[in-house]
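Just below is one structure, and these are the notes that go with it.
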């Protein structure tokens, strides 16, 4: 069967390669960026290239900083846990093993949150299998919200980085600029989760999201203006976002034919990992493909791996974390297991995780020393 998957966006570079190219620029060896004295990767969580283009009038500095060609393609699934790990380890998902928002721990029967599982004692540090780019001898810094200082996800993705926390976005920007100025040859990871948080609660088409975009735009302008000469800055994101109103939810209820043979549901509403009962994977694939194939990409694990969705190679240990069947929404829908008691996630409006350009194409903007490119 032809999978008819979307092609990678034309000319889009991979988010996985951004940090390694920035490090190479410090030695004048980058194929993407001009030489730099120090570098800052500013990751604006949830800012897709399509989102930015649609609201360019509210982000004039960002809009002027690049063109439609200045984009990167994030990983699959297009979700924070997978994408940030790929960015910070320069490894594809099939190597580092963070295969989505929630994934089955083989042999345990537990479907675990890949952002918070370490803090709950559900994941060992070795679950994240690739060495972060911050783990070498080069001086590296992480500037983020204070609450992320001691989390397990920070620990396993930013090994060796010196953490600086600040809840105020403007203060984070000033910290990053100062660190890069005082430490030639350094790599600084600067993270802003505010836009994504508002998008999930209110939707990216909301006035609240636009208001935060204006603040983010001002912060990027401040960073470009305050960074010392020779500092190379890249502004990018982990994923984009689509709004899915409640009327577009697909609820999986008790006795639903689509739950037959499904033992566990992982992933997230726009990209499900379906873990089948023994010998039921074929039935689950066929039933989901027949019912949902008109509005979602429905693939077996082998099909997804063969198509390179998790990278050119998937380690054996990682393959067992992937669902027997994957369901990636193509239409503006979101799937929820309505059998669970906690209905809170169904209040979420902004969503991501799938293969659409809205979710996986992100800005790749060059500022500072990189703006001469």
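Residue numbers (my numbering): 178 to 550. C-beta atoms are modelled at their ideal positions from N, C-alpha and C, and glycine is treated no differently.
Can you list, in chain order, the stretches of the beta strand (DSSP E) that have 3 or more residues and sit fully within the region 346–425?
-> Restricted to the region 346–425, the beta strand (DSSP E) segments that are unbroken, complete and at least 3 residues in length are 364–369 and 408–413, listed in chain order.
Can you give, in chain order, each stretch of the alpha helix (DSSP H) that sits fully within the region 202–290 and has at least 4 residues?
-> Listed in chain order, they are 226–231, 237–242, 257–266 and 270–273.
Between residue 574 and the rest of its own chain, which residues show a CB-CB distance below 8 Å, the 5 nearest in sequence each way excluded?
-> With the chain running from 178 to 550 in the structure shown, residue 574 is simply not present.
Determine the DSSP secondary structure at residue 342, reduced to helix, strand or coil.
-> Residue state, collapsed to three classes: strand.
Reference residue 439; option with closest CA among 263, 325, 500 and 342 | It is 500 whose Cα lies nearest to the Cα of residue 439.
Through-space distance from residue 437 to residue 524, alpha-carbon basis = Distance between the alpha carbons of residue 524 and residue 437: 26 Å.
In angstroms, rounded to a whole number, what distance separates the CA positions of residue 182 and residue 204?
-> For residue 182 and residue 204, the gap between their C-alpha atoms comes out near 38 Å.
Whether residue 298 touches residue 418 by CB criterion (7 Å) = Contact annotation: residue 298 and residue 418 have beta-carbon atoms that are not nearer than 7 Å.
In terms of alpha-carbon separation, which member of 510, 394, 491 and 431 lies closest to residue 350?
-> Ranked by Cα distance from residue 350, the options 510, 394, 491 and 431 are led by 394.
Simplified DSSP assignment, three categories, for residue 514 | Strand at residue 514.
Should residue 359 go down as buried or exposed, given a rule of 16 or more other Cβ atoms within 10 Å for buried?
-> With fewer than 16 other Cβ atoms inside 10 Å of its own Cβ, residue 359 counts as exposed.
Comparing alpha-carbon positions, which option in 540, 184, 548 and 545 lies nearest residue 248?
-> Comparing Cα positions, the closest option is 540.
Put residue 496 into one of helix, strand or coil per three-state DSSP.
-> Annotated three-state conformation of residue 496 is helix, per DSSP.
According to the Cβ coordinates, are residue 258 and residue 275 closer than 7 Å?
-> Yes.
Please report the residue range of the alpha helix (DSSP H) in which residue 464 lies.
-> It spans 458–469 - the alpha helix (DSSP H) in which residue 464 sits, taken as one unbroken run.
Assess, as a yes-or-no matter, whether the region 444–452 is touched by the region 519–534 under the definition of 3 or more beta carbon pairs within less than 8 Å.
-> Cβ pair count under 8 Å is three or more, so yes.
Residues near residue 430 in its chain [Cβ-Cβ closer than 6 Å; skip 5 each side] | So the qualifying residues of the chain are 515.
Take residue 409 as the anchor and find which of 197, 189, 218 and 206 has the nearest alpha-carbon.
-> Of 197, 189, 218 and 206, the residue nearest in Cα terms is 218.
Those residues which DSSP pairs with residue 318 across a bridge = For residue 318, which the question treats as bridged, DSSP gives the partners 339 and 365.
Nearest CA to the CA of residue 483: which residue from 441, 496 and 433?
-> The shortest Cα separation from residue 483 among 441, 496 and 433 belongs to 496.
Pick from 198, 424, 467 and 273 that is closest to residue 435, judged by C-alpha positions = Selected option, being the one with the closest Cα: 467.
In angstroms with no decimal places, state the Cα-to-Cα distance between residue 179 and residue 481.
-> For residue 179, the predicted structure reports a pLDDT of 47, less than 50, and the residue's modelled location is therefore unreliable. A value from the coordinates is still provided. Rounded to the nearest angstrom, the two C-alpha atoms are 12 Å apart.
Below 7 Å between beta carbons: does that hold for residue 346 and residue 369?
-> Contact flag set, yes.
Candidates 465, 427, 251 and 211, of which the one nearest residue 413 by Cα | Closest by C-alpha distance to residue 413, out of 465, 427, 251 and 211, is 251.
Coil, strand or helix - residue 527 by DSSP = Strand.
Please classify residue 541: does DSSP put it in a helix, a strand, or coil?
-> It is a strand residue.
Give the single residue among 330, 498, 485 and 469 whose Cα lies nearest to the Cα of residue 288.
-> Nearest C-alpha to residue 288: 498.
What are the start and end residues of the alpha helix (DSSP H) that includes residue 478?
-> For residue 478, the uninterrupted alpha helix (DSSP H) run begins and ends at 478–483, by DSSP.
Unbroken alpha helix (DSSP H) run spanning residue 332, endpoints | Taken as a continuous stretch (DSSP letters only), the alpha helix (DSSP H) holding residue 332 covers 329–334.
Would you mind stating whether residue 329 and residue 304 have Cβ atoms separated by less than 7 Å?
-> Residue 304 is positioned such that its CB atom lies no closer than 7 Å to that of residue 329.
Return the first residue and the last residue of the beta strand (DSSP E) that residue 312 is part of.
-> Residue 312 -> no beta strand (DSSP E), and no H or E assigned at all.
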